[in-house]
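The next block holds one structure in the form of structure tokens; read it before the comments.
Residue numbers (my numbering): 6 to 410.
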């Protein structure tokens with residue numbers, strides 16, 4: 006797999022380390038080092054995190070363990086085939102040497118001196134944890150916190166409002182896509198097996214057992230990758246990180262953004278299951294990620310639930326299978342295993358790092374203004390420690406003291 010670094014260069018100035026060329030070069034070198042297998046890199050990264058002290062992340066009034074974020078990324082990236090990248094990135098960040106700067110301490114205030122040290126911290130593991138939090142985990146949490154692009158004709162927003170969000174590359178209008186998803190999934194919720202009320206009324210399926218109003222759920226949300234209300238370049242940075250985290254080629258990454266409103270990114274859920282899926286309370290881990298011909302017609306997954314409550318439907322097994330329940334003349338693809346794996350990996354990281362709880366608090370404090378704050382350019386936001394505007398001025402001062410332009 007080749008990594009395209011050009012999109013990283015366009016990352017917003019809010020990045021502490023991910024957009025820096027030397028960090029990318031070191032990460033890529035470790036990834037491509039054939040003398041070390043992934044388990045060796047993983048063990049070395051874990052050992053580093055156990056030894057190197059990293060101060061907590063501070064976001065307003067909330068704090069979060071940087072070590073927990075890095076360890077969760079390292080432990081669960083395997084779900085979407087990103088373990089080697091994460092291990093390499095941690096090792097590259099942890100061994101990165103900050104350029105020595107000679108300056109006259111008497112020319113700096115105590116506040117400026119603290120800001121300089123803050124800059125140094127963010128060049129390493131602290132910066133990597135923060136970048137992954139704000140440019141990967143937060144965009145996912147933010148996207149699923151808002152209303153779905155469209156769920157079904159039974160829920161808000163309506164098809165009419167959703168049609169404006171359909172990718173021009175897709176020829177699937179919401180009403181057609183909903184009908185196809187219902188047909189493929191046998192007019193049932195894939196978790197509770199409840200049949201769709203309106204499909205029963207229309208005579209598309211039998212009135213057997215318990216029924217409910219079903220909704221078409223997106224596995225990955227469009228707003229993860231595009232945020233029209235934001236002037237920052239955060240979405241491109243998020244896409245770039247995701248390409249590495251999920252080991253997507255440039256073509257596969259581009260295909261992902263074009264596939265948001267397709268059968269490969271949809272399945273039917275009863276509303277309670279849908280809400281909990283969007284809250285990252287449960288996920289489906291696919292058995293295979295290879296994209297074989299069989300995986301496009303049948304996909305086996307394992308349910309992983311972080312729920313403490315029982316949802317509608319009597320599930321006797323944690324094994325789920327997607328298959329085309331339509332007639333043989335209807336070639337309807339099942340969900341893409343890579344998309345399920347990305348959602349599952351993010352779900353595990355959010356829960357096991359504690360980031361999900363903290364991001365929920367931030368979002369609940371002031372949503373969607375929290376989203377705007379976390380997406381704002383670095384010159385106008387305080388993410389904890391020294392103010393970023395001050396840090397920018399200090400960096401300019403440091404450059405002038407070194408005699409650099």
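Don't be surprised by glycine CBs; every beta carbon is placed ideally from N, CA and C.
Note that this is a predicted model, so its numbers are computed, not measured.
Can you give me the C-alpha to C-alpha distance between residue i and residue j, rounded to a whole angstrom?
i: residue 306; j: residue 249; result: 23 Å
i: residue 141; j: residue 57; result: 23 Å
i: residue 211; j: residue 204; result: 9 Å
i: residue 329; j: residue 184; result: 13 Å
i: residue 76; j: residue 180; result: 42 Å
i: residue 53; j: residue 343; result: 29 Å
i: residue 50; j: residue 252; result: 19 Å
i: residue 48; j: residue 243; result: 27 Å
i: residue 174; j: residue 283; result: Because residue 174 sits at a pLDDT of 37, beneath the cut-off of 50, its placement in the model cannot be relied upon, and the point is left open.
i: residue 189; j: residue 311; result: 27 Å
i: residue 259; j: residue 247; result: 11 Å
i: residue 317; j: residue 99; result: 46 Å
i: residue 338; j: residue 293; result: 15 Å
i: residue 366; j: residue 359; result: 11 Å
i: residue 290; j: residue 78; result: 16 Å
i: residue 143; j: residue 354; result: 12 Å
i: residue 279; j: residue 116; result: 48 Å
i: residue 72; j: residue 60; result: 8 Å
For the alpha helix (DSSP H) that residue i lies in, which residues bound it at each end?
i: residue 188; result: 179 to 189
i: residue 114; result: Residue 114 -> no alpha helix (DSSP H), and no H or E assigned at all.
i: residue 347; result: 342 to 358
i: residue 150; result: 143 to 150
i: residue 333; result: Element bounds for residue 333: n/a, residue is neither H nor E.
i: residue 211; result: Residue 211 -> no alpha helix (DSSP H), and no H or E assigned at all.
i: residue 136; result: 130 to 137
i: residue 228; result: No alpha helix (DSSP H) contains residue 228, which DSSP labels as neither H nor E.
i: residue 48; result: 43 to 56
Note down, in chain order, each residue of its chain lying with its Cβ closer than 7 Å to the Cβ of residue i, except the 5 sequence neighbours on either side.
i: residue 66; result: none
i: residue 352; result: 285 and 288
i: residue 55; result: none
i: residue 35; result: 46, 93, 96 and 97
i: residue 192; result: 200, 201, 204, 209 and 210
i: residue 89; result: 36, 43 and 46
Report the three-state DSSP secondary structure of residue i (helix, strand or coil).
i: residue 280; result: helix
i: residue 25; result: coil
i: residue 86; result: coil
i: residue 31; result: helix
i: residue 258; result: helix
i: residue 241; result: helix
i: residue 37; result: coil
i: residue 316; result: coil
i: residue 263; result: helix
i: residue 367; result: helix
According to DSSP, residue i sits in a beta bridge with which residue or residues?
i: residue 305; result: 326
i: residue 64; result: 67
i: residue 193; result: 200
i: residue 288; result: 309
i: residue 271; result: 223
i: residue 216; result: 200
Return the chain-ordered list of same chain residues with a C-beta closer than 8 Å to the C-beta of residue i, the five sequence neighbours on each side being excluded.
i: residue 216; result: 199, 200, 201, 202 and 205
i: residue 101; result: 22, 27, 28, 31, 128 and 129
i: residue 271; result: 182, 186, 221, 222, 223, 224 and 340
i: residue 309; result: 287, 288, 289, 290, 323, 349, 352 and 353
i: residue 195; result: 272, 273, 274, 325 and 327
Where do the ends of the beta strand (DSSP E) carrying residue i lie?
i: residue 220; result: 219 to 223
Which residues in the same chain have their Cβ closer than 6 Å to the Cβ of residue i, if we skip the five residues on either side of it in sequence?
i: residue 85; result: 251, 346, 347 and 350
i: residue 265; result: 227
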